[in-house]
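Participant: Sharing a structure with you now.
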Amino acid sequence: MTIKTTHKLKGKLHSGQPEVVVSGESELKKKKKTNTREGNRGRGEVRLMERISLPVLRHVAICGGTHGNEMTGIHLVQELERQQKEKGDAPWPVSVTLVLSNPRAVKECKRYIDMDLNRCFTSTTLSSPITDDTPYEIQRAQELNSLLGPKGSGDAVEMICDLHNTTANMGITIISYSHNNWICLHIFKHLQENITNVPVKLVLLNIPLSAAYSLESVSKYGFSLEVGPQPHGIVRADIFNIMKQGVDAILEWTETFNSGKLIEGGEIEGYVIQKSMDYPRDPKTGKPSAAIHPQLQDQDFCLLQHGDPVFLTFSGETLSYEEEEPLHPLFINEAAYYEKGIAFHLAHKKTLNIPRIQAETD
């Protein structure tokens, strides 16, 4: 991507409503069973009439506070704990473990104490020795791995739903590590079909299990659930209700799946993440010299075309998108990404198929 300086706004942003985001195009090409061809509409090798049998989901974990200043998940886990105490041991049709993932960060209302907990769940980090100098989040990650895992083992919980907030205008976004995590993809499809008051999207990260770095990777069919926009450190009632609506729908789907009912598959649109874009920076200080352009702000998943404005410098100049290939930006101006040097991700559109699935109830 190149940036051009201009004094006129060039082009027009075109809205788009993708439902699925897939990261790691090269991995998709390598895995022929779920391969998608190039172009605006690629079709996977999975046949729509194919039926896949999967084990019953006996144990689900709902986690909040992995980042201690993302308040919706924290308050929702606390509310679910209240319901659990009020209704007894089995308020839901599946065994649910409720976890406040990073209690020290939650207490201080900080994203983390020493380092990002949601980058501490690789196999290497989980097996590293603990010393007096080990960061708190690595210690906590190993505790969570003992509670919900061990990662990659048969004893791990079937599903972790890790609750997050984003400051970007992402609606409900499910993030999973695998493009053939059929449980996650069907849950996404269920949410998209049943939640109509907010866009529902899905990000897929094709990363090997051992290298997967976030909490949900400890489980067999884990995913994170992001809801936004919401500033960090506060809770909004509308965002809380949207997240609760999502969690309720996930538990309802789990009950349906566990009953042995055949769940139909279908076609879903996807977006392959191609690259991340940093802010323009002052060469002397290294600090950002521009902000997201007003015409791009809050337009997550729009179609960004040649000449469209992307940044507005603090001196008043518009910086435009100059690549010929249209791409889709997401997580635009996410507050937590400033320290990572990311203004937004750019994604390419794909189409995927998901098969029919059924629980093995015998």
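Following UniProt numbering, the numbering of the sequence shown begins with 1 at its first residue and continues without gaps.
Just so you know, even glycine gets a beta-carbon here, dropped at the ideal spot from N, CA and C.
All values derive from a computational prediction rather than experimental measurement.
1. Could you tell me the distance, in whole angstroms, from the CA atom of residue 307 to the CA atom of residue 162?
2. DSSP three-state label for residue 332, please.
3. Output the residue ranges of the alpha helix (DSSP H) runs that lie fully inside the stretch 238-325 and measure 4 residues or longer, sorted by chain position.
4. Please work out which residues of its chain come closer than 8 Å, Cβ to Cβ, to residue 263, disregarding the five sequence neighbours upstream and downstream, and give them in chain order.
5. How is the alpha helix (DSSP H) around residue 103 delimited, first residue to last?
6. Of all the alpha helix (DSSP H) runs that stay within the bounds of the stretch 88-150, which reach a length of 4 or more residues?
7. Taking the alpha carbon of residue 202 as the point to measure from, which residue in 214, 211 and 170 has its own alpha carbon closest?
8. Using the beta-carbon count (16 or more within 10 Å), is residue 141 buried or exposed?
9. Report the three-state DSSP secondary structure of residue 360 (helix, strand or coil).
10. Out of 53, 233, 216 and 164, state which residue places its alpha-carbon closest to the alpha-carbon of residue 122.
11. Run through DSSP, which three-state label would residue 64 get?
12. If contact is defined by three or more beta carbon pairs under 8 Å, each pair taking one atom from either stretch, is the stretch 111-119 in contact with the stretch 89-96?
13. Counting pairs of Cβ atoms below 8 Å between the stretch 130-150 and the stretch 179-195, do you hit three or more?
14. Using the three-state DSSP reduction, which class does residue 186 fall into: helix, strand or coil?
15. Under the rule that 16 or more other beta-carbon atoms within 10 Å means buried, what is residue 65, buried or exposed?
16. Across the stretch 276-287 and the stretch 340-349, are there enough close Cβ pairs to call them in contact, namely three or more that are closer than 8 Å?
17. Measure the C-alpha to C-alpha separation of residue 99 and residue 168 and round it to an integer number of angstroms.
18. Rounded to whole angstroms, what's the CA-CA distance from residue 61 to residue 73? Just pull it up for me.
19. Would you list the one or two residues that DSSP bridges to residue 173?
20. Are the beta-carbon atoms belonging to residue 346 and residue 329 less than 7 Å from one another?
21. Cβ of residue 233 within 7 Å of Cβ of residue 69?
22. Quick check on residue 58: does DSSP put it in helix, strand or coil?
23. Identify which residue in 270, 165 and 154 has its Cα closest to the Cα of residue 220.
24. Among 97, 55 and 93, which residue has its Cα nearest to the Cα of residue 81?
25. Between which two residues does the beta strand (DSSP E) carrying residue 352 extend?
26. Can you give me the Cβ contacts of residue 116 inside the same chain, cut-off strictly under 6 Å, excluding the 5 residues immediately before and after it?
27. Take residue 102 and list the residues in its own chain whose beta-carbon comes closer than 8 Å to its own, dropping the five residues that flank it on each side.
28. Just confirm the distance between the C-beta atoms of residue 351 and residue 269, as a whole number of angstroms; I'd bet it's less than 8 Å.
29. Rounded to a whole number of angstroms, what is the C-alpha to C-alpha distance between residue 225 and residue 348?
Facilitator: Taking the definition as stated:
1. By 1-based counting over the sequence shown, the position of residue 307 is 307. By 1-based counting over the sequence shown, the position of residue 162 is 162. The alpha-carbon atoms of residue 307 and residue 162 are separated by roughly 38 Å.
2. The residue you call residue 332 lines up with position 332 of the sequence shown. Three-state DSSP puts residue 332 in coil, outside helix and strand.
3. none
4. Residue 263 sits at position 263 when you count from the first residue of the sequence shown. Excluding positions up to five away in sequence, the list reads 186, 256, 257, 356, 357 and 358.
5. Taking the first residue of the sequence shown as position 1, residue 103 is located at position 103. Segment 103-108, the alpha helix (DSSP H) holding residue 103.
6. 103-108, 123-126 and 136-148
7. Along the sequence shown, read from residue 1 onward, the residue named residue 202 stands at position 202. Of 214, 211 and 170, the residue nearest in Cα terms is 170.
8. Here the question's residue 141 lines up with position 141 in the sequence shown. Label assigned to residue 141: buried.
9. Within the sequence shown, the letter at position 360 stands for residue 360. If DSSP states are grouped into helix, strand and coil, residue 360 belongs with the strands.
10. As a first step, residue 122 must be located in the sequence shown, where it is residue number 122. It is 216.
11. The residue you call residue 64 lines up with position 64 of the sequence shown. Three-state result, residue 64: strand.
12. no
13. no
14. Taking the first residue of the sequence shown as 1, we reach residue 186 at position 186. Residue 186: helix per DSSP, three-state reduction.
15. Your numbering for residue 65 matches position 65 in the sequence shown. Label assigned to residue 65: buried.
16. Segment contact: the stretch 276-287 against the stretch 340-349, three or more CB-CB distances shorter than 8 Å; contact assigned.
17. Indexing the sequence shown from 1 puts residue 99 at position 99. Indexing the sequence shown from 1 puts residue 168 at position 168. Approximately 25 Å between the Cα atoms of the pair.
18. Within the sequence shown, the letter at position 61 stands for residue 61. Within the sequence shown, the letter at position 73 stands for residue 73. If I take the Cα positions, the gap works out to 13 Å.
19. As a position in the sequence shown, residue 173 is number 173, starting the count at 1. Paired residue(s): 201 and 226.
20. Here residue 346 refers to the residue found at position 346 of the sequence shown. Here residue 329 refers to the residue found at position 329 of the sequence shown. In this structure, residue 329 lies closer than 7 Å to residue 346 by Cβ.
21. Position 233 of the sequence shown, counted from the first residue, corresponds to residue 233. Position 69 of the sequence shown, counted from the first residue, corresponds to residue 69. Result yes, Cβ atoms of residue 233 and residue 69 sit closer than 7 Å.
22. Within the sequence shown, residue 58 is the residue found at index 58, counting from 1. In this structure, residue 58 counts as coil in the three-state DSSP scheme.
23. Counting from 1 along the sequence shown, the entry for residue 220 is found at position 220. Residue 154 is the option with its Cα nearest to residue 220.
24. To locate residue 81, count along the sequence shown from 1; it is residue 81. Among 97, 55 and 93, the Cα nearest to that of residue 81 is on 97.
25. The residue given as residue 352 occupies position 352 in the sequence shown. First-last of the beta strand (DSSP E) with residue 352: 344-354.
26. Stepping through the sequence shown from its first residue, residue 116 is reached at position 116. Same-chain partners within the cutoff: there are none.
27. Locating residue 102 in the sequence shown gives position 102, where the first residue counts as 1. If we look at residue 102 and ignore the five residues flanking it on each side, its Cβ neighbours are 65, 66, 67, 68, 112, 113, 117, 137 and 140.
28. Counting from 1 along the sequence shown, the entry for residue 351 is found at position 351. Counting from 1 along the sequence shown, the entry for residue 269 is found at position 269. Taking a contact as a CB-CB distance under 8 Å, the pair residue 351 and residue 269 counts as one, their CB atoms being some 6 Å apart.
29. Residue 225 sits at position 225 when you count from the first residue of the sequence shown. Residue 348 sits at position 348 when you count from the first residue of the sequence shown. If I take the Cα positions, the gap works out to 22 Å.
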